[in-house]
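Residue numbers (this note's numbering), protein chains in the order written: chain A, 276 to 385; chain B, 1257 to 1376. The beta carbon of each residue, even a glycine, is placed where N, CA and C say it ideally should be. First comes the structure, then the notes that go with it.
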């Protein structure tokens, strides 16, 4: 059972928008930055969002991140079939003194 | 551009020790702004952070509670690499293991992944 809670799956049609939620507590999301990762089948995870809402160079602005209180959200607009992947949120937990991840959300682009 | 190259066996017997190495290029393991991490992914647990080593005036380690009694992560400054040792493995330790570089706890660079199966 993961410290951060994500929906197991989300789906939407090509061109549409989807959001993925990540819920935590004061000891993790509430007091630390959130990152988001995309893991395509058979590949290593890739950093999509860091420090809640910043995108590394090369990540398209279709991907966005936000945080409010003890929850964070990843948004993806203009969905493409190539976006089908598992998405994970992650942050530091000050009480556990450990990095914690969500359980992952499988995105299906119908 | 930081690159991480993993090496180590893909099959380990129950009760034995899992050992993996991660060679770093494009950065120094002694960097004061990086942490060097091991993470695994399994169908049952998703992504699980195992621990890290980093240098801040001296070498430091942090480990996940779930593996704290069994894990060691060591830096090797002479080879610019770091290693993972996980003792007393069981089939539940079967997973894809990744090494990763983080600025703090955001993982910018990842190794290619190593599938480690625990089986007799």
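Is there at least one Cβ from chain B nearer than 8 Å to residue i's Cβ?
i	result
residue 339 of chain A	no
residue 379 of chain A	yes
residue 277 of chain A	yes
residue 282 of chain A	no
residue 320 of chain A	yes
residue 286 of chain A	no
residue 310 of chain A	yes
Counting contacts by CB-CB distance shorter than 8 Å, is residue i in contact with chain A?
i	result
residue 1318 of chain B	yes
residue 1367 of chain B	yes
residue 1264 of chain B	no
residue 1362 of chain B	yes
residue 1342 of chain B	no
residue 1374 of chain B	no
residue 1323 of chain B	no
residue 1354 of chain B	yes
residue 1294 of chain B	no
residue 1305 of chain B	yes
Using only alpha-carbon positions, find the residue among the options that is nearest to residue i.
i	options	result
residue 1293 of chain B	B:1372, B:1267, B:1364, B:1371	B:1364
residue 1359 of chain B	A:302, A:284, A:308, A:292	A:308
residue 1268 of chain B	B:1357, B:1348, B:1354	B:1348
residue 322 of chain A	B:1308, B:1366, B:1376	B:1366
residue 296 of chain A	A:365, A:369, A:373, A:337	A:365
residue 335 of chain A	A:347, A:343, A:278, A:324	A:324
residue 1257 of chain B	B:1277, B:1354, B:1282, B:1274	B:1282
residue 1306 of chain B	B:1288, B:1361, B:1333	B:1361
residue 313 of chain A	A:349, A:343, A:290	A:349
residue 1261 of chain B	B:1270, B:1271, B:1272, B:1276	B:1276
From the DSSP output, which residues share a beta bridge with residue i?
i	result
residue 1331 of chain B	B:1338
residue 368 of chain A	A:373
residue 1259 of chain B	B:1281
residue 285 of chain A	A:382
residue 1304 of chain B	B:1296
residue 324 of chain A	A:311
residue 1357 of chain B	B:1292, B:1365
residue 1352 of chain B	B:1297, B:1371
Can you tell me the Cβ-Cβ gap for residue i and residue j, rounded? I've got them flagged as a contact below 8 Å.
i	j	result
residue 1344 of chain B	residue 1326 of chain B	6 Å
residue 363 of chain A	residue 382 of chain A	Going by Cβ atoms, the distance from residue 363 of chain A to residue 382 of chain A rounds to 11 Å, so no, they are not a contact pair.
residue 1336 of chain B	residue 1285 of chain B	5 Å
Please check if any C-beta of chain C sits within less than 8 Å of the C-beta of residue i.
i	result
residue 1282 of chain B	No chain C is part of this structure, whose protein chains are labelled A and B.
Quiz item: Of all the residues that make up the segment 342-363 of chain A, which are near chain B by a beta-carbon distance shorter than 9 Å?
Solution: 361, 363
Quiz item: Residues in the segment 362-376 of chain A with C-beta within 9 Å of chain B's C-beta atoms, listed in sequence order?
Solution: 363, 365, 366, 367, 371, 372, 373, 374, 375, 376
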